[in-house]
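Participant:
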Amino acid sequence: MKVLNYGSLNIDNVYSVEHFVRGGETLSSSKMEIFSGGKGLNQSIALAKSGVEVWHAGAVGESDGEFLLEMMKNAGVDVRLVAHTAGKTGHAIIQRDVNGQNCILLYGGANQEITRAQVDAAMECFEAGDFLVLQNEINEIAYIMEKAHEKGMKIVLNPSPMDEKIAGYPLDYVDYFLLNEIEAGDICGCQGSGRELLDKLGERFPGAKIVLTLGGDGSMYKDGDLVLEQPIYRVPVVDTTAAGDTFTGFFIGGLMRGEEPKTALDHAAKAAAIAVSRPGAAPSIPDRSEVE
Ligand code: RIB
Numbered sequence: 006m007k008v009l010n011y012g013s014l015n016i017d018n019v020y021s022v023e024h025f026v027r028g029g030e031t032l033s034s035s036k037m038e039i040f041s042g043g044k045g046l047n048q049s050i051a052l053a054k055s056g057v058e059v060w061h062a063g064a065v066g067e068s069d070g071e072f073l074l075e076m077m078k079n080a081g082v083d084v085r086l087v088a089h090t091a092g093k094t095g096h097a098i099i100q101r102d103v104n105g106q107n108c109i110l111l112y113g114g115a116n117q118e119i120t121r122a123q124v125d126a127a128m129e130c131f132e133a134g135d136f137l138v139l140q141n142e143i144n145e146i147a148y149i150m151e152k153a154h155e156k157g158m159k160i161v162l163n164p165s166p167m168d169e170k171i172a173g174y175p176l177d178y179v180d181y182f183l184l185n186e187i188e189a190g191d192i193c194g195c196q197g198s199g200r201e202l203l204d205k206l207g208e209r210f211p212g213a214k215i216v217l218t219l220g221g222d223g224s225m226y227k228d229g230d231l232v233l234e235q236p237i238y239r240v241p242v243v244d245t246t247a248a249g250d251t252f253t254g255f256f257i258g259g260l261m262r263g264e265e266p267k268t269a270l271d272h273a274a275k276a277a278a279i280a281v282s283r284p285g286a287a288p289s290i291p292d293r294s295e296v297e
């Protein structure tokens with residue numbers, strides 16, 4: 006069994022600031038760093054580090070994206086399904102404040118140039134029972150979901166960043182949702198506590214397993230009548246970027262290796278805690294040996 010992650014690859018330009026810049030304000034940053042990132046790339050690296058076979062599909066610009074592929078290859082990700090386009094690689098402008106919190110501005114670039122022909126070719130490499138992991142930073146997501154469903158692949162959706170396109174995706178095909186409270190509220194069109202959101206999502210998608218992340222309050226998992234709660238591991242926060250991606254990769258990777266959901270959640274929480282204690286997106290993701 007292997008996993009196809011069809012997802013974004015970004016160059017993260019990270020600026021260290023006292024506070025996030027406000028409208029009309031000009032603000033100096035104390036440091037500027039460039040990291041490999043993108044929710045897709047981060048999740049592929051986390052999946053690979055958790056110990057499963059990962060193929061990443063997506064697109065980078067032919068002149069500026071090579072270092073992202075090197076980073077993934079070094080982590081053990083198969084990148085043969087990543088296309089090269091004539092334009093620019095996607096990038097993110099990230100402000101990181103003194104508390105390690107961030108705000109992110111995205112430019113999609115090559116991430117928005119996925120073609121249906123590429124998707125068809127990529128799907129040839131997978132079979133029923135393989136996993137497909139998706140976030141919401143590339144185009145053609147509905148088409149990718151249709152093709153994966155036809156194949157009998159297990160579909161994992163992290164609907165982040167949330168936007169109006171999500172409602173047009175065939176969400177009934179999703180086997181696993183990993184999402185935060187805002188995303189959950191938008192998808193089920195309701196507000197409420199974590200438990201209420203979880204129950205509403207469970208009613209709306211009775212066949213899906215749901216992981217709801219609650220920031221400092223940890224996460225909850227629902228599969229039918231089974232509900233699990235997972236606290237976070239508290240550590241000094243350096244940079245929260247990619248913590249959620251690390252959690253997603255280790256949780257799904259753990260399940261694929263046969264871990265019980267409770268164990269996979271615990272490992273995912275530990276991996277995310279290690280990631281927030283380090284700077285950057287992909288470079289902050291730990292190895293499985295560190296997590297265990
Ligand atoms: O989840 C973190 C990621 O979101 C960053 O690496 C950035 O590229 C954006 O995609």
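The sequence shown begins at 6 in my numbering and counts up by one.
Ideal placement from N, C-alpha and C gives every residue a C-beta, glycine not left out.
Can you tell me where the beta strand (DSSP E) with residue 14 in it begins and where it stops?
Facilitator: Residue mapping note: residue 14 aligns to position 9 of the sequence shown, counting from 1. Looking at the DSSP string, residue 14 is not in any beta strand (DSSP E), and its letter there is neither H nor E.
Participant: Taking all protein chains shown into account, do 16 or more other C-beta atoms lie within 10 angstroms of the C-beta of residue 285, making it buried, or fewer, making it exposed?
Facilitator: For the purposes of this step, residue 285 is taken as residue 280 along the sequence shown, with counting starting at 1. That one is buried.
Participant: Check for me: the alpha helix (DSSP H) holding residue 52 runs from which residue to which?
Facilitator: Counting from one through the sequence shown, the residue named residue 52 turns up at place 47. Per DSSP, residue 52 belongs to the alpha helix (DSSP H) from 44 to 55.
Participant: Beta-carbon separation of residue 116 and residue 13 under 8 Å?
Facilitator: Your numbering for residue 116 matches position 111 in the sequence shown. Your numbering for residue 13 matches position 8 in the sequence shown. Contact flag set, yes.
Participant: For residue 235, write down the residues that DSSP places opposite it in a beta bridge.
Facilitator: The residue labelled residue 235 in the question sits at position 230 within the sequence shown. 224.
Participant: Just to confirm my understanding: we take residue 105, look at its own chain, exclude 5 residues before and 5 after, and list those with CB closer than 8 Å. What are they?
Facilitator: To locate residue 105, count along the sequence shown from 1; it is residue 100. So the list reads 242, 243, 244, 245, 281, once near-sequence residues are dropped.
Participant: Could you check the C-alpha separation between residue 121 and residue 145 for me, to the nearest Å?
Facilitator: Within the sequence shown, residue 121 is the residue found at index 116, counting from 1. Within the sequence shown, residue 145 is the residue found at index 140, counting from 1. Spanning the two alpha carbons is a distance of roughly 7 Å.
Participant: By the three-class DSSP mapping on this structure, what secondary structure does residue 193 have?
Facilitator: On the sequence shown, position 188 is the one that residue 193 refers to. If DSSP states are grouped into helix, strand and coil, residue 193 belongs with the helices.
Participant: Which residues in the same chain have their Cβ closer than 7 Å to the Cβ of residue 72, if we skip the five residues on either side of it in sequence?
Facilitator: By 1-based counting over the sequence shown, the position of residue 72 is 67. Around residue 72: 41.
Participant: Can you tell which of 184, 233, 254, 64 has its C-alpha closest to the C-alpha of residue 220?
Facilitator: Here residue 220 refers to the residue found at position 215 when the sequence shown is read from its first residue. Here the closest residue by C-alpha is 184.
Participant: Where are the alpha helix (DSSP H) runs, 4 residues long or more, that stay fully inside the segment 121 to 149, in chain order?
Facilitator: Segments of the alpha helix (DSSP H) lying fully in the segment 121 to 149: 121 to 128.
Participant: In terms of DSSP beta bridges, what is residue 36 paired with?
Facilitator: Stepping through the sequence shown from its first residue, residue 36 is reached at position 31. Looking at the DSSP assignment, residue 36 forms a beta bridge with 21.
Participant: Please indicate yes or no: does the CB of residue 62 lie closer than 7 Å to some heavy atom of the ligand RIB?
Facilitator: Translated into positions along the sequence shown, residue 62 becomes position 57. Answer for residue 62: no, Cβ out of range of the ligand RIB.
Participant: Using the three-state DSSP reduction, which class does residue 172 fall into: helix, strand or coil?
Facilitator: Sequence index remark: in the sequence shown, residue 172 carries index 167 (1-based). Here residue 172 sits in helix by DSSP.
Participant: How should residue 313 be labelled, buried or exposed, when 16 other C-beta atoms within 10 angstroms of its C-beta is the threshold for buried?
Facilitator: With the chain represented from 6 up to 297, any question about residue 313 goes unanswered, as that position is not in the structure.
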